[in-house]
Amino acid sequence: MLVNMSDILKDAMQKKYAVAQFNINNLEWTRFILEEVDKLKVPVILGVSEGAAKYMGGYKTVANMVENLIEYLGVSVPVVLHLDHGSSFDVCKQAIDSGFTSVMIDASKYSIDENIKITKTVVKYAKENNVSTEAEVGYLKNNLDTTNTEVMYANLDECIKFCKETNIDALAPALGSAHGPYIGQPNLNFELMKDISEKCNVPLVLHGGSGISDELIKKSLNYGICKLNINTELQQAWANCVRKFLDEDKNVYDPRKIIKSGENSIKEIIDYKINILGTQSI
Ligand code: 13P
């Protein structure tokens with residue numbers, strides 16, 4: 476069943492667990508995720524970046540693919556189809572008009588006032604269409620080297636102002652995490668996390684979930700994190716398996732066999748992360 480994420484995240488916030496956002500890259504990826512979460516009987520958020528949407532043939536293709544897979548596989552858990560890091564109102568509108576049930580507007584590169592202005596327009600359109608919204612305050616880096624890189628953290632007062640004025644369903648503040656592989660462990664600011672969660676009273680999202688230790692993830696559940704985004708870790712595990720499979724069998728040529736050779740690695744990570752996040756069925 477395709478749903479928006481507002482009720483799911485409210486439940487997570489109340490009971491202090493988190494729901495995973497796994498990003499999808501193709502049909503097989505989507506199928507592996509749906510099969511596994513349905514087996515585990517937990518809700519899931521399928522994240523689609525602008526690049527991934529383009530790769531898969533546009534928002535309509537993605538929405539139709541997800542809807543039809545849910546029906547074909549008989550998936551009974553709540554599934555959120557979520558635009559990841561939408562860069563403008565127009566992109567969010569395209570996703571909403573195509574059947575996405577949730578969008579992230581990422582206007583974090585602008586000033587806080589501009590970010591608020593853009594986010595408000597998206598929230599208005601999203602609410603009219605029963606679509607949930609996520610937005611980012613502060614800036615998240617890529618491929619963070621925690622040994623020598625200055626991390627930028629979100630500003631608490633900006634987060635409070637932002638949530639009050641925009642009425643978003645979930646906030647992704649910069650808390651010390653980053654997209655892509657880390658060198659070292661990220662320096663998550665738990666005090667800031669707790670303050671933002673308490674003062675904004677909104678479910679928090681931690682981006683860059685790949686490579687964060689189980690201990691840090693578990694701790695963050697007590698400080699307001701209700702959604703964890705994971706992409707790189709699934710990609711790396713899948714790529715390692717496929718590489719090994721191709722190395723071991725020089726004659727294989729069927730793409731179905733090649734892509735499927737990474738299936739178990741993806742499913743194992745999904746299982747593992749959902750257990751760490753304590754995700755509950757809803
Ligand atoms: P990773 O690729 O680091 O897991 O980050 C995913 C993410 O935050 C998507 O928005």
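706 is the number that the numbering used here gives to position 231 of the sequence shown; each next residue is one higher, with no gaps. We put the CB at the ideal spot given by N, CA and C, even for glycine.
- According to DSSP, residue pairing for residue 617 in a beta bridge involves 654.
- When secondary structure is reduced to three states using DSSP, residue 481 falls in the helix class.
- The region 692-708 makes contact with the region 492-500; the number of CB pairs closer than 8 Å reaches 3 or more.
- Less than 8 Å separates the beta-carbon of residue 671 from that of residue 631.
- Contact between the region 601-617 and the region 572-583 is present: 3 or more CB-CB pairs across the two stretches fall below 8 Å.
- Rounded to the nearest angstrom, the Cβ distance from residue 678 to residue 484 is 4 Å, consistent with a contact under 8 Å.
- Exclusion of residue 658 from the 7 Å shell around the ligand 13P follows from its C-beta lying no nearer than that to any non-hydrogen atom of the ligand.
- Distance from the Cα of residue 730 is smallest, within the candidate group 590, 502, 509, for 502.
- By the CB criterion at 8 Å, residue 754 and residue 517 fall inside the cutoff.
- When DSSP reads this structure, residue 496 sits in a beta bridge with 520, 704.
- Taking a contact to require three or more Cβ pairs closer than 8 Å, the region 682-698 and the region 644-658 qualify as touching.
- Relative to the ligand 13P, residue 560 has its C-beta within less than 7 Å of a heavy atom.
- Between the C-alpha atoms of residue 662 and residue 681 there is a straight-line separation of about 13 Å.
- Residue 521 is positioned such that its CB atom lies closer than 8 Å to that of residue 541.
- Straight through space, the alpha carbons of residue 512 and residue 546 are spaced by roughly 15 Å.
- DSSP places residue 536 outside any beta strand (DSSP E); the residue lies instead in the alpha helix (DSSP H), whose first and last residues are 534-548.
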